[in-house]
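Listed below in structure tokens is the structure:
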């Protein structure tokens, strides 16, 4: 399973900057969204975050899934507070990626799959 996740992350990482994983850059209106679309590193972090979030969401039970979705909405609100500050955005992504990766580790330990 880890290999298939890694392949998905790598292949999505090569997607063009015209479309970030969690939103359509052509429809970006907020400063944080525009900054993510304009910066390859932030776009790549967005792709990775979206993939990990989706995997987590699909593998959790309903109660945990609801908490995950609430956490994602809170994180999106925090990210929006960064506006176009790329350092702030990078830190926000690093924090969220860490949370999602720790959640994936708990899922792996609960295996086998």
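Residue numbers (the working numbering): 196 to 308. In this text, a Cβ means the ideal position worked out from N, Cα and C, and glycines have one as well.
Quick check: what's the CA-CA separation for residue 219 versus residue 300? Here residue 219 refers to the residue found at position 24 when the chain shown is read from its first residue. Here residue 300 refers to the residue found at position 105 when the chain shown is read from its first residue. Separation of residue 219 and residue 300 (C-alpha to C-alpha, rounded to the nearest whole angstrom) is 29 Å.
Reference residue 230; option with closest CA among 307, 281, 273: For the purposes of this step, residue 230 is identified with residue 35 of the chain shown, where counting begins at 1. Comparing Cα-Cα distances from residue 230 to each of 307, 281, 273, the minimum goes to 281.
For residue 285, tell me which candidate among 274, 252, 255 has the shortest Cα-Cα distance. Here residue 285 is taken as the residue at index 90 of the chain shown, counted from 1. Residue 285 has its Cα closest to that of 274, out of 274, 252, 255.
Quick check on the burial criterion: 16 or more other C-beta atoms within 10 angstroms. Buried or exposed for residue 238? Reading the chain shown from its first residue, position 43 is the one you call residue 238. Around the C-beta of residue 238, 16 or more other C-beta atoms lie within 10 Å, and the residue is accordingly described as buried.
For residue 265, the three-state DSSP class (helix, strand or coil): Here residue 265 is taken as the residue at index 70 of the chain shown, counted from 1. Residue 265 falls in the helix class under three-state DSSP.
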